[in-house]
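**Student:** Protein chains in written order, with the working numbering: chain A, 6 to 582; chain B, 98 to 168.
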């Protein structure tokens, strides 16, 4: 199959001088917006105690631990800004992402020991479940940096119980173990109660000498039976008992290394724990990349710095998706599937870091005379029509057959609407695409380049494809909403306007409400909102998209659960004809 | 040698950046047509001078209507 993949068809071209000139304003807007995102990330990084204060206690921060643990240049953070419950701490208090450790890809997550000694906070279990789902989807190890003081007690009702509450990750750890996916844990600090289960639920435990893990901590041990309230005499008694237990926290290394043997290893130095994890990661099952690479890894011949010029911040501007894609894939090469059919959608095979991936993306702009073939109005890219939906159904099904991971790129305003579209079966074809995705067992990732809207956000490999979508990225141009805010205002208030008009009333109060709704839609679809609420798993600089694609492809091919021999693939043959 | 700039699709001209006598470079944006809620830019096919502009901002155009001539 070497002739298929060594050199594929060329995609894209260098920017012309006129394009460079007219895209300067957009470039500056993108870079300014990305600076704003970096500011928000810095706020999260600086949450809680300072690095100096933690270091003065003889501890590393979670950021320093990650930096030491993960191979240089491979860290792809996820959920950095995720804060769905709007915690005043600005974080769910776990820091996670994908990175290589000792040359092997892993999902890595750690408690932020700068914030309340790594306490459970609202929204944290949802964050952790995204991470365990990610390890499951990509079939790669999960590495924990446990340092968890247990629940933030005043907020316990927000996260302790419920179906996806703070205990659910322990079941997920069990599920990962049962699937043969190891969960490694480096353990630091005091880990009582919830922290104890965070520590005990992984597969192999690497302990720091000063850590402890326990069913209950000193605070619980020193408690007393409820007596209907407190008084000063009781408080004095509590002080004495708490002092005693603080001096002897339960579950120390003496108990859980010497007695129970729960800790497999104990290290005197913080770095020693991380070195232990690195050593074990060398022993994790992982194919050498050469096993699945279809060609030598190669950069795109075009600069990634072109992407912030090519991808407009203005939601109404059209651009060339092919030009963007050419800057994201090896060699700027591809094999396009059914080029002449369904022109609003790109479907093709590309290489990322030498691995074969399938790419699907919305093309933009006017689609040419006579398209869509079932209607008398012009077709515009970003919308989905009959042919595009059929083409994607075919492509996804064939990718499933050939076991090729899929990378989706969304910039969609939705599926075509109206009676002509209904007659063209678009409702059924959209759901057919969902069926086709679900029929596969492929890892997928999504980059919402700009708009993610209407049902198209679901059917184009969106995060709603829970079992398939490993993670979803956003850019500073991303907007995600069910429809544009002004469209929603019309849908909501059009009949009300008619009633007010017929009653002879002033329309201004309704107009004000329409403007309020449109403004609300705008605010609740912005990139930062999408990141905080988890509509995307991370906002990334446009120039970093390829880095995440490489992490995805490398992870997907590290230890795949199912493979198709290259010479038995059918999709490349169908493309070639 | 002159080249005609034609409307690539039906819609409304929402931006027109040139007039007769304007010197343009290849790939410079000449005008923008709005259709189906999206704005489609039309670029200069070559370096040159605009010698005729047949339409103005706000005009509706049909596909292949003559918009301007570049020389």
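Cβ coordinates follow ideal geometry from the N, Cα and C atoms, glycine included.
On a predicted model such as this, the values are computed, not experimentally measured, just so you know.
Measuring CA to CA, which of A:425, A:163, A:204 is closest to residue 178 (chain A)?
**Tutor:** Out of A:425, A:163, A:204, A:204 has the C-alpha closest to the C-alpha of residue 178 (chain A).
**Student:** If you measure between the beta carbons of residue 462 (chain A) and residue 417 (chain A), is that distance less than 9 Å?
**Tutor:** A contact, by the Cβ cut-off of 9 Å.
**Student:** What's the C-alpha gap between residue 574 (chain A) and residue 77 (chain A)?
**Tutor:** Going from the Cα of residue 574 (chain A) to the Cα of residue 77 (chain A) covers about 35 Å.
**Student:** For residue 557 (chain A), name the three-state secondary structure that DSSP assigns.
**Tutor:** Looking at residue 557 (chain A) - three-state DSSP - the assignment turns out to be helix.
**Student:** Does residue 168 (chain B) come within less than 9 Å of chain A when only Cβ atoms are used?
**Tutor:** Not an interface residue.
**Student:** Work out the CA separation of residue 386 (chain A) and residue 342 (chain A) for me, nearest whole Å.
**Tutor:** Each residue's Cα considered, the two are about 17 Å apart.
**Student:** Give the C-beta separation of residue 120 (chain A) and residue 96 (chain A) to the nearest angstrom, bearing in mind that I take them to be a contact with Cβ-Cβ under 8 Å.
**Tutor:** That belief holds up - the Cβ atoms of residue 120 (chain A) and residue 96 (chain A) are roughly 6 Å apart, short of 8 Å.
**Student:** Whose CA, out of A:367, A:348, A:366, A:389, lies closest to the CA of residue 373 (chain A)?
**Tutor:** Minimum Cα distance to residue 373 (chain A) is reached at A:348.
**Student:** List, in order along the chain, the chain B residues whose C-beta lies closer than 9 Å to that of residue 27 (chain A)?
**Tutor:** Correct list: 124, 125, 126, 138, 140.
**Student:** Could you list the residues in the segment 383–406 of chain A with a C-beta less than 9 Å from some C-beta on chain B, going in chain order?
**Tutor:** Residues 383, 384, 385, 386, 387, 388.
**Student:** Straight-line CA distance for residue 428 (chain A) to residue 393 (chain A)?
**Tutor:** Rounded to the nearest angstrom, the two C-alpha atoms are 16 Å apart.
**Student:** Is there a Cβ of chain B sitting closer than 9 Å to that of residue 329 (chain A), yes or no?
**Tutor:** Output row for residue 329 (chain A): interface = no.
**Student:** Under 7 Å between beta-carbons, which chain B residues line up against residue 581 (chain A)? List them in chain order, please.
**Tutor:** Under the 7 Å cutoff, chain B gives no residues; its nearest Cβ is about 32 Å from residue 581 (chain A).
**Student:** How should residue 9 (chain A) be labelled, buried or exposed, when 16 other C-beta atoms within 10 angstroms of its C-beta is the threshold for buried?
**Tutor:** Residue 9 (chain A) is buried by the Cβ-count criterion.
**Student:** So what's residue 197 (chain A) in DSSP terms, helix, strand or just coil?
**Tutor:** Here residue 197 (chain A) sits in strand by DSSP.
**Student:** Is DSSP giving residue 462 (chain A) helix, strand or coil here?
**Tutor:** If DSSP states are grouped into helix, strand and coil, residue 462 (chain A) belongs with the helices.
**Student:** May I have the straight-line CA-CA distance separating residue 543 (chain A) from residue 468 (chain A), to the nearest angstrom?
**Tutor:** The straight-line gap from Cα to Cα measures roughly 12 Å.
**Student:** Please go through the same chain and pick out, in chain order, the residues whose beta-carbon is closer than 8 Å to the beta-carbon of residue 359 (chain A), but skip the five residues on each side of it.
**Tutor:** Result list for residue 359 (chain A): 294, 298, 299, 300, 301, 302, 303, 335, in chain order.
**Student:** Could you please give the first and the last residue of the uninterrupted alpha helix (DSSP H) stretch that includes residue 47 (chain A)?
**Tutor:** Unbroken alpha helix (DSSP H) run through residue 47 (chain A): 29–50.
**Student:** Name, in chain order, the residues that DSSP records as bridge partners for residue 530 (chain A).
**Tutor:** None, per the DSSP bridge assignment.
**Student:** Under 8 Å, CB to CB, which of the residues in the segment 141–165 of chain B have a partner in chain A?
**Tutor:** Answer in chain order: 141, 160.
**Student:** Check each candidate in A:333, A:530, A:555, A:198 and name the one with the smallest Cα separation from residue 110 (chain A).
**Tutor:** Cα-wise, what sits closest to residue 110 (chain A) is A:555.
**Student:** Kindly say whether residue 209 (chain A), judged by its beta-carbon, lies nearer than 9 Å to any beta-carbon of chain B.
**Tutor:** Residue 209 (chain A) does not count as touching chain B.
**Student:** Could you list the residues in the segment 301–326 of chain A with a C-beta less than 8 Å from some C-beta on chain B, going in chain order?
**Tutor:** The segment 301–326 of chain A vs chain B, Cβ under 8 Å: 319, 321, 322, 323.
**Student:** The beta strand (DSSP E) with residue 105 (chain A) in it runs from where to where?
**Tutor:** First-last of the beta strand (DSSP E) with residue 105 (chain A): 99–106.
**Student:** Who pairs with residue 474 (chain A) in a beta bridge, going by DSSP?
**Tutor:** DSSP output for residue 474 (chain A) lists A:449 as bridge partner(s).
**Student:** Which residue or residues does DSSP assign as beta-bridge partners of residue 568 (chain A)?
**Tutor:** Residue 568 (chain A) pairs with nothing; no bridge assigned.
**Student:** When the Cα of residue 218 (chain A) is compared with those of A:254, A:241, A:238, A:234, which residue comes out closest?
**Tutor:** Closest by alpha carbon: A:254.
**Student:** Please list, in chain order, the chain B residues whose beta carbon lies closer than 9 Å to that of residue 5 (chain A).
**Tutor:** An answer regarding residue 5 (chain A) cannot be provided, because it is not within the stretch 6 to 582 covered by chain A.
**Student:** Along chain A, in chain order, which residues have C-beta atoms closer than 7 Å to that of residue 98 (chain B)?
**Tutor:** The contacting residues do not exist; residue 98 (chain B) stays about 19 Å from chain A at best.
**Student:** Run the CB neighbour count on residue 64 (chain A), radius 10 Å, all protein chains shown included, and call it buried at 16 or more, exposed below.
**Tutor:** Buried, because 16 or more other Cβ atoms sit within 10 Å of the Cβ of residue 64 (chain A).
**Student:** Could you tell me which of B:131, B:147, B:108 sits nearest to residue 320 (chain A), measuring between CA atoms?
**Tutor:** The shortest Cα separation from residue 320 (chain A) among B:131, B:147, B:108 belongs to B:131.
**Student:** Enumerate in chain order the residues of its own chain whose CB-to-CB distance from residue 450 (chain A) is below 6 Å, with the five nearest sequence positions on each side excluded.
**Tutor:** Here the set comprises 412, 475, 476, 557.
**Student:** Would you decide whether residue 259 (chain A) is buried or exposed? Buried here means 16 or more other CB atoms lie within 10 Å of its CB.
**Tutor:** Exposed.
**Student:** Can you pull the chain A residues whose beta carbon is under 7 Å from the beta carbon of residue 106 (chain B), in chain order?
**Tutor:** Going along chain A in sequence order, the residues near residue 106 (chain B) (Cβ under 7 Å) are 371, 383.
**Student:** Under three-state DSSP, which class holds residue 517 (chain A)?
**Tutor:** Of the three classes helix, strand and coil, the one that applies to residue 517 (chain A) here is helix, per DSSP.
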